[in-house]
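Visitor: Here it is, the structure, as structure tokens.
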Amino acid sequence: MEYRLAKESDLDSLSKLFHEYRSTSISLQNLAELADSQAWIKARYDHQDAVFILAIEDEKLEAFITLYQGFSSVSLQKYWILNDLYVRMSARGKGCAKELMVFAHDYAVTTGAKGIELETGEHNMIAQNLYSALGYEENTHYKHYFWHAQRPEIDEDTED
Numbered sequence: 026m027e028y029r030l031a032k033e034s035d036l037d038s039l040s041k042l043f044h045e046y047r048s049t050s051i052s053l054q055n056l057a058e059l060a061d062s063q064a065w066i067k068a069r070y071d072h073q074d075a076v077f078i079l080a081i082e083d084e085k086l087e088a089f090i091t092l093y094q095g096f097s098s099v100s101l102q103k104y105w106i107l108n109d110l111y112v113r114m115s116a117r118g119k120g121c122a123k124e125l126m127v128f129a130h131d132y133a134v135t136t137g138a139k140g141i142e143l144e145t146g147e148h149n150m151i152a153q154n155l156y157s158a159l160g161y162e163e164n165t166h167y168k169h170y171f172w173h174a175q176r177p178e179i180d181e182d183t184e185d
């Protein structure tokens with residue numbers, strides 16, 4: 026299997042695999058169309074605000090990682106946020122995710138980043154075991170929060 030950074034000529038196949046990945050996401054409440062996924066990938070690539078690492082076998086895209094750059098005010102360093110890691114079902118069990126991660130580590134070192142941050146589902150033991158085996162440490166010092174820009178409906182009967 027070949028592991029490398031995405032090129033412009035990869036965007037069509039990457040968009041299709043990205044859309045497949047999105048359709049399997051348990052947190053996705055509104056599945057966009059393939060055209061929306063294509064527009065998202067192209068915009069991220071054109072604006073250079075994401076890096077896509079690909080796994081290709083026999084000229085077929087089998088897996089990818091999406092990295093976004095983050096910045097630490099405390100350490101005054103950049104780091105990478107591993108936002109997406111997806112391996113097509115037919116390629117699972119071949120060590121593809123591990124090799125993608127190793128490529129991401131090398132990329133982080135090459136770009137002078139302080140490291141890679143990621144999160145995964147609390148019940149995704151396969152991913153947790155991989156990350157632990159690769160030296161990732163669970164952050165038990167901070168809680169993560171998320172603010173939703175669109176406020177959900179509030180049940181007036183339960184509101185104080």
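Counting along the sequence shown from 1, when you hit position 8 you're at 33 in our numbering, and nothing is skipped either side. All residues carry an ideal CB built from backbone N, CA and C; glycine is no exception.
Please check the pair Phe89 and Ile78, which I expect to be a contact at CB under 8 Å, by giving their CB distance rounded to whole angstroms.
Guide: Position 64 of the sequence shown, counting from 1, holds the residue named residue 89. Position 53 of the sequence shown, counting from 1, holds the residue named residue 78. At roughly 6 Å, the Cβ-Cβ gap stays under 8 Å, so Phe89 and Ile78 are in contact.
Visitor: Tell me whether Ile223 is buried or exposed, calling it buried when 16 or more other Cβ atoms sit within 10 Å of its Cβ.
Guide: Outside the displayed span of the chain (26 to 185) sits residue 223, for which this structure offers no information.
Visitor: What are the boundary residues of the beta strand (DSSP E) that Trp105 is part of?
Guide: Counted from its first residue, the sequence shown places residue 105 at position 80. It spans Gln102 to Val112 - the beta strand (DSSP E) in which Trp105 sits, taken as one unbroken run.
Visitor: In this structure, how does DSSP classify Val99 when only helix, strand and coil are distinguished?
Guide: Along the sequence shown, one-based indexing puts residue 99 at 74. In the structure shown, Val99 sits in coil (DSSP, three-state: anything other than H, G, I, E or B).
Visitor: I'd like the ranges of any alpha helix (DSSP H) spanning at least 4 consecutive residues and lying wholly in the segment 30–70.
Guide: Listed in chain order, the complete alpha helix (DSSP H) runs (minimum 4 residues) inside the segment 30–70 are 36–49.
Visitor: Go ahead and label Ser40 buried or exposed: buried means 16 or more other beta carbons lie within 10 angstroms of its beta carbon, across all protein chains shown.
Guide: Within the sequence shown, the letter at position 15 stands for residue 40. The residue is buried, with at least 16 neighbouring Cβ atoms inside 10 Å.
Visitor: Express the C-alpha separation of Ala174 and Lys123 in angstroms, rounding to a whole number.
Guide: Walking along the sequence shown from the start, residue 123 turns up at place 98. Walking along the sequence shown from the start, residue 174 turns up at place 149. Taking the straight line joining both Cα atoms gives about 35 Å.
Visitor: Quick one, which of Leu143, Lys103 and Arg113 has its alpha-carbon nearest Thr136's?
Guide: Against the sequence shown, residue 136 aligns to sequence position 111. The shortest C-alpha separation from Thr136 is found at Lys103.
Visitor: Check whether the segment 58–69 touches the segment 159–166, counting contact only when three or more Cβ pairs, one atom from each stretch, lie closer than 8 Å.
Guide: No contact exists between the segment 58–69 and the segment 159–166.
Visitor: Helix or strand or just coil, what does DSSP make of Asp185?
Guide: Looking up residue 185 in the sequence shown gives position 160. Since pLDDT at Asp185 reaches only 47, below the 50 mark, its modelled position is unreliable, and the value read off the structure follows with that caveat. Reduced to three states, the DSSP call for Asp185 is coil.
Visitor: State yes or no: is the C-beta of Ile199 within less than 9 Å of the C-beta of Tyr156?
Guide: Residue 199 is absent from the structure shown; the chain starts at 26 and stops at 185.
Visitor: Are the Cβ atoms of Thr91 and Val112 separated by less than 9 Å?
Guide: Against the sequence shown, residue 91 aligns to sequence position 66. Against the sequence shown, residue 112 aligns to sequence position 87. For Thr91 and Val112, no; Cβs fall outside 9 Å.
Visitor: Rounding to the nearest angstrom, what Cα-Cα distance links Tyr46 and Asp131 in this structure?
Guide: The residue you call residue 46 lines up with position 21 of the sequence shown. The residue you call residue 131 lines up with position 106 of the sequence shown. So the two alpha carbons sit approximately 24 Å from each other.
Visitor: Name the DSSP bridge partner or partners of Tyr93?
Guide: The count along the sequence shown starts at 1 and reaches residue 93 at position 68. Looking at the DSSP assignment, Tyr93 forms a beta bridge with Ile106.
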